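Novice:
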Amino acid sequence: MIFWERLMATKKRYYNIEGTIRSGFKLSGDYETLDFSFVKLNDNGLNALVDSRSIKQLKRLTVSNNKLTFESALSIAGSKYLANLQSLKMYRNKIGDMGIKAIAESDKLPSLKSLRLAHNDIGPKGARSVAESDNLRGLTALILSENKLGDEGLKYLADSKSLMALEILDLRKNGITDEGVVAFAKSTNYPNV
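Heads up, the final residue of the sequence shown is numbered 192 in numbering that gives the first Met the number 0, and it's a clean run with no missing numbers.
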């Protein structure tokens, strides 16, 4: 019950989300790109954003540096208006393993090609969710730098048969040792990386 009360309060608080979206499209110069980075957009604001019919044509969404949590990832994963989304950038937020799992398990993001989640408190469990996802088979770019994947997370990714379309994979600053690098180097699952 508390969730629904909070959701209704969110909708009232962001009553002008349509105007905000129109302004965002105007700034980007097209109706396919929105960048709401560094604007103190919180989980409630993002929920209102992805719940708007005005974003049906959206192909690129950037919501970096907003302290967004797994709740925002759940909103994105469950949005019925993001079927055309090709690029999602959520640098420097706090979606964690639960957030990336929600995105990886979502069947509502069929066009997603680029997933950029650097610096989001993602650990080995999050890497496993991505590695085992059938819904991310179309990804060509995966950026998970500055997280906490470690060797365990890298091994999950190395064993993945779901990410063979990747051309760009950034895993810098994840506490990966030579052991993880060797395991990944032996993988034949990334012919284009």
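Think of the CB as a built atom: it goes at the ideal place given N, C-alpha and C, for glycine as much as any other residue.
Given the structure is predicted, the values throughout are model-derived calculations rather than measurements.
Thinking C-beta only, is Leu40 closer than 8 Å to Asp62?
Specialist: As a position in the sequence shown, residue 62 is number 63, starting the count at 1. As a position in the sequence shown, residue 40 is number 41, starting the count at 1. The identity of residue 62 in the sequence shown is Val, whereas the question assumes Asp. Cβ distance < 8 Å, so Val62 and Leu40 count as in contact.
Novice: Three-state secondary structure (DSSP) at Phe2?
Specialist: As a working mapping, residue 2 is identified with position 3 in the sequence shown. Low confidence applies here, because Phe2 scores a pLDDT of 39, under 50, leaving its location unreliable; read the following figure in that light. Looking at Phe2 - three-state DSSP - the assignment turns out to be helix.
Novice: In whole angstroms, what separates the C-alpha of Asn188 from that of Ile121?
Specialist: Along the sequence shown, one-based indexing puts residue 188 at 189. Along the sequence shown, one-based indexing puts residue 121 at 122. Near 22 Å, if we compare the C-alpha coordinates of Ile121 and Asn188.
Novice: Report the option in Leu60, Gly44, Asn92, Ala72 whose CA atom is closest to the CA atom of Ser194.
Specialist: Since the displayed the chain opens at 0 and closes at 192, residue 194 lies outside it and no answer follows.
Novice: Residues in its own chain within less than 8 Å of Leu153 by CB, not counting five upstream and five downstream?
Specialist: Your numbering for residue 153 matches position 154 in the sequence shown. Closer than 8 Å at Cβ, skipping near neighbours: Ala126, Leu170, Asn173, Ile175, Gly179, Val180, Ala182, Phe183.
Novice: If you count every other CB in all the chains shown that lies within 10 Å of the CB of Ser159, and 16 or more means buried, which is it?
Specialist: Walking along the sequence shown from the start, residue 159 turns up at place 160. Buried.
Novice: What three-state label does DSSP hand Leu141 in the structure shown?
Specialist: Counting from one through the sequence shown, the residue named residue 141 turns up at place 142. Three-state result, Leu141: strand.
Novice: When you compare only the Cα positions, how much space is there between Pro190 and Ser132?
Specialist: On the sequence shown, position 191 is the one that residue 190 refers to. On the sequence shown, position 133 is the one that residue 132 refers to. In a straight line, the C-alpha of Pro190 is about 18 Å away from that of Ser132.
Novice: Could you work out which residue in Ile20, Ile102, Ile167, Asn134 is closest to Ile54 when comparing CA atoms only?
Specialist: Counting from 1 along the sequence shown, the entry for residue 54 is found at position 55. That would be Ile20, whose Cα lies nearest to the Cα of Ile54.
Novice: Between Ser22 and Leu45, how many whole angstroms is the CB-CB distance? I'm expecting something under 8 Å.
Specialist: For the purposes of this step, residue 22 is taken as the residue at position 23 of the sequence shown. For the purposes of this step, residue 45 is taken as the residue at position 46 of the sequence shown. Not quite, the Cβ-Cβ distance comes to about 16 Å (not below 8 Å), so this is no contact.
Novice: In this structure, how does DSSP classify Thr19 when only helix, strand and coil are distinguished?
Specialist: Here residue 19 refers to the residue found at position 20 of the sequence shown. Correct three-state label for Thr19: helix.
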